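Residue numbers for the sequence shown follow the UniProt record's numbering, beginning at 1 and rising by one.
Read through the structure below, which is laid out as structure tokens, and then see the notes.
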Amino acid sequence: VGSECREAKSECDLPEYCSGESEYCPDDVLKSDGSTCWGGKGHCYEGQCGSHEGRCKYVWGPDARVGNQECFKKLNVQGNGHGNCGRRPTRDEQYQPCDQ
1 VGSECREAKS ECDLPEYCSG ESEYCPDDVL KSDGSTCWGG KGHCYEGQCG
51 SHEGRCKYVW GPDARVGNQE CFKKLNVQGN GHGNCGRRPT RDEQYQPCDQ
């Protein structure tokens with residue numbers, strides 16, 4: 001392993017090391033999506049660590065708290081703007097209901 005040429009930018013990023021065979025640092029490598037972070041309270045996605053609590057505070061403010069699991073189960077199966085598992089990869093991009 002060579003010298004570190006790029007340090008990790010976040011908990012979900014990995015440092016890169018020179019190979020000794022090139023003057024260039026290798027491409028940036030991130031931890032796999034779904035890897036745990038924040039001491040097991042969050043998950044990596046595209047190099048960023050996110051959690052329910054962090055997202056709630058970002059959207060609703062610093063006093064926001066994560067809802068009850070039963071609330072998520074009840075709302076996310078509706079497949080609308082209040083509860084969903086993303087958008088369908090179709091032309092109209094309708095909300096995708098979550099599986100129970």
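All C-beta atoms, glycine included, are put in the ideal place defined by N, C-alpha and C.
Since the structure is predicted, the reported quantities are computational estimates derived from the model, not experimental observations.
Self-check item: Option in Gly47, Tyr58, Arg91 with minimal Cα separation from Ser32
Solution: On the sequence shown, position 32 is the one that residue 32 refers to. Of the candidates Gly47, Tyr58, Arg91, Gly47 places its Cα closest to the Cα of Ser32.
Exercise. Report buried or exposed for Gly42, applying the criterion of at least 16 other Cβ atoms within 10 angstroms of its Cβ.
Key: As a first step, residue 42 is located in the sequence shown; it is residue number 42 there, counting from the start. That one is buried.
Quiz item: When you compare only the Cα positions, how much space is there between Cys44 and Ser35?
Solution: Numbered from 1 along the sequence shown, position 44 holds the residue referred to as residue 44. Numbered from 1 along the sequence shown, position 35 holds the residue referred to as residue 35. Roughly 5 Å between the two C-alpha positions.
Practice problem: Could you have a look at Cys5 and say whether DSSP puts it in helix, strand or coil? | Solution: Numbered from 1 along the sequence shown, position 5 holds the residue referred to as residue 5. Residue state, collapsed to three classes: strand.
Practice problem: Measuring alpha carbon to alpha carbon, tell me which of Asn68, Thr90, Glu70, Gln94 ends up nearest Gly79. | Solution: Along the sequence shown, read from residue 1 onward, the residue named residue 79 stands at position 79. Closest by alpha carbon: Gln94.
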